[in-house]
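First up is the structure itself, then whatever we jot down about it.
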Amino acid sequence: MTTELYKDQGWAWMVCFATFMIYLIHPSYFYVTSALFLDFMDIFDTSAAMVNVILAMTNVVYCVSAFVLVNLVMPHVSIKQLTTVCSFVYALATLAVVVSPTLPVFFTVCVVKYIAQGGVLVPSLTIVGMYFERRRALATSLSLLGISVAALMVPPVITYLRREYGFRGSFLLLSAYEMQSIIAGMLLRSVPSGSHLKLGQAPNASVYKGHTADVEDDTARIKLLSDSQDQHKLNVPGQIVCQDRENLQLVEKQRLAYDSLETFSKTSKTFSSTESSLKNNLNLEDAGENYKSNLKNPKDSPRLLERLKVAIDFSLLRDYVSLFYLLSFGLNHSGAFIATYLPSYAIKSGLSPPDAALLMTIAGSCDAASRVAYGYLADLRVVRPSLILASACLVLGVTCQMITLYTSLGTFAIFAVVYGCCGMAHLSLNTPLIVDLLGISRLGKILALGALASSSFISAQFPIHGVLIEVTGNFTASFYWIGGTFILSSLYLFVEPWVRKLQDKKPSSKTCYLWLSLKLRKMRDKQFKGQSFSKLRRRCLRKRKLFVDGEFPPTGSSLFFSRPAPSDIVWKRPKDIVKDPKFFIDKASADDFSQGILGNCWFVAACACIAEDSNLWKKVVPEYREQVFVPESRYAGIFHFKFWRCGTWFDVVIDDYLPTRNGRLIFTHSKSRDEFWSALLEKAYAKLFGCYEALVAGKARDAMVDMTGGIGEGLEMADFRTEQLKDRLFELLHQAKSNLSLMCASIQAKNSSEMETKLSVGLVRGHAYSLTDVRKIPLKGTGLFSFFNREKIHMIRLRNPWGGVEWKGPWSDGSHEWTKVSESEKKDLGLTFDENGEFWMSFDDFCRYFTHIDICHMMNTSFFTLKRSWKESVAVGVWRRGTRAGGCGNHSTFLDNPQYLLDVITDEEELLVSLEQEDRRSSNFRTRGENYTIGFTIIKTDLNRKYRMHDKLDRVHAGPFVQARSILTRLPLKKGRYCLIPSTFDPGQEGEYILRIYSSGGIVLKELKKELPSPPRFFRKPKVAATSVCVSSVEGFKLPEGETGGIEAYCIIKCEGREVRLLTTEKSMKPEWKDRVTFYRRKPMEDVVVEVWDSNMLKDYLVGTLTLPMSKAHEYTGVGNENRDQYQRTLTLPMSKAHEYTGGNIIRRYELVKPDSDGKDQHRGFIWVKVKHTTNLREV
């Protein structure tokens, strides 16, 4: 007899009834604790918060125990055995509650109860899914109907028992009631297995109307035959049998084999773990007939955690569909909070307690009916279960968002009906949804994982709802939050088909994260000179030819631009230089870089800093494990490196021809002759600049920025002459090092003849040193309390790219000063006295000899960090001659430069502003093009500015302008709106730039592109004039009775139906703003109104109003046609000159007025204002 004879009939309905009884009995304890909540508080003399914590923790224990038991225990025992034993333990734990004398004992008993519950609920629901095929959703709904019945029955029953038999008597009867679940567990017998099932005997796949079903487990497509002695255990793939634990293991193995063959034969269903399971866990012999599994048995692992690790199917966490399901499952459990808050919210809204209780009865009744309806609808296969669930979540989410509309019993009843019909839909549809998405073989594990996910979501939302209720004083915000989670869940479920299609296209061994990150990285990176490393490498391997780079050929033009290359320089591949070349030997380190005959110590010093941080060099050296010289099948003579330029990472491809003389590398090389990554990195950088000679003389910070994308800063030691400034410099360097910034230092040479000359103390002029550490080193003490007040000396550690040439002064290698430092401190410093070019020196000596410091700041923009985090705003632009290259503020064309709107949204913010131009040496290397002198200016702008500025306001910051590739400026700015203008010093200079701004509190950076308002559309009037109003201050007003010290004032400026509010000032008798507002006007005849308000906690009060009559300005500018005297008679403010509004730079005092009770204007004070009105829109 085949197993399909037992599907949906016979004992299957008995199993459904048994599961109904289990779900009727076991969740009852939740309702019991809710009904007897106050009794728990009285008996254990504890607070409601503590009882809440205990109940919440026990809920977590249930979910974790279900997850562990399903993954670790269920594969080795039958479900009947597991549920029977756990039901017995559960009932005994209830009995133990009666004798729990203290709160810790009660908590322990609760933990035991919920551990036992974890071994009952999920396994029993799993076996229902195994027994049913065509009626799986309906059977699941009927089984879970026990929860609805328990919700209706348990609270009144337990209340009656509590009144009749007391607290302990109630739990004695409850324990006897829970013993019935043991009988229910015994009814969960396994499906009998059949004999042999031949191909073609399997039932046809279930079909939705209009498209093929996604339930691949309902179709037996292959024939699995066991060995002769195990034929009695044979089972149909996809139909789980639990006759005994060996049978279950066999079914799991056959399921894996079935899934694996399906993945290879048809890509319509791909699971992320199938391929690895086939490779690691299956030994398939005689693929046509017999398949034997050698899955690792969890029992073979000696430790519980190791056994659990083996048993858990971690592939579920690497699967698109399962992750979407788990997220939706967790979000849907937010409905539990509705049951918690709905009665309280209803009572607060004016309903009586009986009416509030009636709402839950309505919801429970609708829940019971909807469970059956959802199950029946899902089994009809008319609509996918995921779409049914998505629709229910969307309806409930929208209903929760309208919570403020529910004020009467009728409206609350409607909400209760919606909640009852939609709130628990996921419980009825979970089983068919899992089978549709992931297959029945994973039903138990995904249910357990879903319980764990829901527990995590609920636990995370407890404090969120607590804060919302505490802050708002009601439950409205909580319902908004709950509605939002349901809407988000519905969106996930609606897009599930597209997610599945996305997974089908991707290899099963790649995770979603890796694939997305790879795609984003490819979109962000740019191929230098259009060369694709992967395409070129594949072509070379296919043709079995080594790559030769035509863009950077192994000729003299790639070496020098000012002179021909010497004839004794020969280009060789690493395999022609040494027998066994290596890209890396061990790992990257600063010792891998030794300078050659090229004067590029700045580049070598920067590389030494990069090599010390694996996170940095792995970005510069992508896919470093694939860049190898062996084996021959992978070596193609092609390598690639990445460098950052003006906001873009460029992928630079090179061949491995290197310039040599007498068989040795002449430029940068490693200490080991067999290691070549440093020489290849230098070649790629030379290609970026045009040739090797272009690397002569440069700034270390530029190279460090090119290899990190960090922020470059140059410091001149001449700016830190006093002791106070030196201390500030040391703290700056110490902080930069702790933030993993990269630093180099150099000694300036006065002329070319001093370049690379050595001082008597061993230092070299015109030479870049890597600054590798900044420390405060404690010295040995002699007194009794010396440990607590030891002297500390400021020390700097540097490294010479040449290697052996080191510092010979105090604190040099082997000097007597090191006797002042303890051995433990030396060990902590990693102190060695090798001739490796690395040495320590005191900070005072460092300041005495070194003249320049280059820093590459690695800005921490991560949100999840314990260190200070910066918020980054980036803009990339171009200075273009004729339109956007106006030069500095000394030129009349200054405002022709690019302009950026800068909004500071905190009261006061320290900004780090970096402006970097495109390196002109790489684009003009043959003419040794110099970088421009660049800088930026910040000026105040209108609070409502939308278009480019055409007049200058107060200047906040200007310069300094520096001839360098980049500049970095630290400046504090107060809250407000500014205009930032990056520029070259001289007008007409073209080039690209990148502007980066870092702040702690956040800013808004937006480029101003439009010159003027757009022409009108359809029948709207054009904007023909502009009015700028700058409010300076208010004075001479009277304070309300009882107030002292002034007012916290703000202004509102109104014009043509629009209004702009100025910032609120601090308390003062003369509030000041100096902020400007500009209106582009269609109706220039309308007056402008300025209102001054007093800001208060409860209600703001109007101080006074100023009306600016625009008629006077219009007569002067020629807008109006009426008689001039007529306008003068309508003026409400005294004006001495007709053209007063056209200047804009004249500040005048006007009267503030406010109507009294009779409607007459009364004097309220004075306001100082600048006004400018013009018909030339390019003047403001």
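Following this note's numbering, the numbering of the sequence shown begins with 1 at its first residue and continues without gaps.
Ideal Cβ positions, reconstructed from N, Cα and C, are used throughout, including at glycine.
When the Cα atoms are used, Glu133 and Ser143 turn out to be separated by approximately 15 Å. Pairing Lys750 with Lys618, the inter-Cα distance amounts to about 38 Å.
Annotated three-state conformation of Pro354 is helix, per DSSP. Scanning its chain for C-beta atoms nearer than 6 Å, with the 5 sequence neighbours on each side dropped, one finds around Ser770 the residues Ala605, Ala608, Cys609, Cys744, Arg799, in chain order.
The Cβ atoms of His852 and Ile711 lie no closer than 7 Å to each other. In the three-state reduction of the DSSP assignment, Leu759 falls in the coil class, being assigned neither a helical nor a strand state. Counted as a single uninterrupted DSSP element, the alpha helix (DSSP H) harbouring Phe730 occupies residues 723-738. Here Leu92 has Ser175 as same chain residues with Cβ atoms under 8 Å from its own Cβ, once five neighbours each way along the sequence are excluded. Listed in chain order, the non-local C-beta contacts of Arg673 below 7 Å within the same chain comprise Val578, local neighbours out to five positions each way being set aside. Fewer than three beta-carbon pairs drawn from the region 829-848 and the region 698-715 are found closer than 8 Å, and the two stretches are therefore not classed as touching.
With a threshold of 16 other beta carbon atoms within 10 Å, Ile115 meets it and is buried.
Pairing Arg765 with Gly889, the inter-Cα distance amounts to about 37 Å.
Where Gly935 is concerned, there is no enclosing alpha helix (DSSP H), although the beta strand (DSSP E) around it starts and stops at 933-940.
Residues of the same chain with a CB within less than 6 Å of the CB of Cys1055, apart from the 5 flanking positions on each side, are Phe1079, Val1088 in chain order. With the rule of 3 Cβ pairs closer than 8 Å, the region 970-983 does not count as touching the region 1027-1044. In the assembly as shown, Ser124 is a buried residue. Its beta-carbon has 16 or more other beta-carbons within 10 Å. In the displayed model, Leu598 falls within coil according to three-state DSSP, outside both helix and strand. In the pairwise beta carbon analysis, the region 678-685 is classified as not touching the region 930-938: fewer than three pairs are separated by under 8 Å.
With contacts defined as CB atoms closer than 7 Å, Gly1001 and Glu910 fail to qualify as a contacting pair.
Residue pairing of Thr1174 in beta bridges, as defined by DSSP: Ala1026.
A residue is called buried when at least 16 other Cβ atoms come within 10 angstroms of its Cβ; Thr660 meets this threshold and is buried.
Looking from the CA of Thr668, the closest CA among Ala679, Leu121, Val89 belongs to Ala679. Contact between the region 894-909 and the region 1001-1016 is established, with three or more Cβ pairs separated by less than 8 Å. Glu754 carries a helical assignment under DSSP once its states are collapsed to helix, strand and coil. Residue state for Phe561 is assigned as coil, using DSSP reduced to three classes. For the pair Phe641 and Lys526, the CB atoms are not nearer than the 7 Å cut-off.
In the three-state DSSP reduction, Arg848 falls in the helix class (H, G or I).
In the displayed model, Arg921 falls within a helix according to three-state DSSP. Contact between Ser87 and Val120 is confirmed by a C-beta separation of about 6 Å, below the 8 Å threshold. Separation of His816 and Gly809 (C-alpha to C-alpha, rounded to the nearest whole angstrom) is 11 Å.
Distance from Arg881 to Gln917 at the Cβ level is roughly 15 Å; contact not present, criterion being Cβ atoms closer than 8 Å. Rounded to the nearest whole angstrom, the C-alpha separation of Leu468 and Met1097 is 22 Å.
Secondary structure at Cys646: coil, using DSSP grouped into helix, strand and coil. Checking the DSSP bridge columns, you'll see Cys856 partnered with Gly712, Leu742. When DSSP states are grouped into helix, strand and coil, Trp13 belongs to the helix group. Between Arg573 and Glu626, the alpha-carbon positions lie close to 18 Å from each other.
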